[in-house]
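Worksheet: the structure to be examined is printed underneath.
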Amino acid sequence: MSSFGIWSLVPAAVTIIAAILTREVAVALFLGILAGSFAVGHFAVFDSGKLFGKYLYDSFADEERLKMALFLLLVGSMLEIISRSGGFGKFAEYISRYLDSPRKVRMASFGLGLSLFFDDYANLMIAGASMRAVSARGRISPALFAYLVDN
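Numbering (my numbering), first residue to last: 16 to 166.
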């Protein structure tokens, strides 16, 4: 196994900077993979291009990764349908009657995240989308809300 030292931070830095600048997760991840292949290929264009193709192929050739990606796409699609139909707004309106303090909102966010834990990604997507409006009404910061749902 090779050690790349400081160069091993290049893909993460490129991904984070690209995500901040473009606000597009897919583009940022694509650029991160591209930067990683350049770092591993010692910045030789031809070698890096071959490595990039290999990494991209390996990502799509694994059946388990494809199943996980499909599952996340389906859960995300379901959440978008619920959002566009007004389900999250009604949920927030209904549950806000009982959550009259920031502490109750924090506990409800934590409890929902805990009760929906059957998959870490699905838990974040479902509990986060469901409680986002409630946490805003309860004056909970987005960072704290993300922490509560994740834990």
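Beta carbons are placed, not taken as given, at the ideal position from N, Cα and C, and that holds for glycine.
Everything numeric in this text was worked out from a predicted model, so none of it was measured.
Measuring only the C-alpha atoms, how far is residue i from residue j?
i	j	result
Glu78	Ala41	20 Å
Arg118	Arg154	10 Å
Leu81	Phe75	6 Å
Met83	Asp73	15 Å
Tyr70	Phe86	22 Å
Ser52	Arg112	52 Å
Trp22	Ile97	43 Å
Asp115	Ala107	12 Å
Ala137	Ser156	22 Å
Ile31	Ser92	25 Å
Val120	Ile35	29 Å
Mark residue i as exposed unless 16 or more other C-beta atoms lie within 10 angstroms of its C-beta, in which case mark it buried.
i	result
Val60	exposed
Ala43	buried
Leu46	buried
Arg38	exposed
Gly20	exposed
Ala33	buried
Ala54	buried
Ala158	exposed
Leu66	buried
Leu24	exposed
Leu88	exposed
Leu49	buried
Would residue i and residue j be called neighbours here (beta carbons separated by less than 7 Å)?
i	j	result
Ala151	Gly128	no
Leu94	Ala144	yes
Met146	Val90	no
Val149	Ile110	yes
Gly56	Asp62	yes
Exercise. Are there three or more Cβ pairs, one per stretch, closer than 8 Å when the segment 102-109 is compared with the segment 120-132?
Worked result: no
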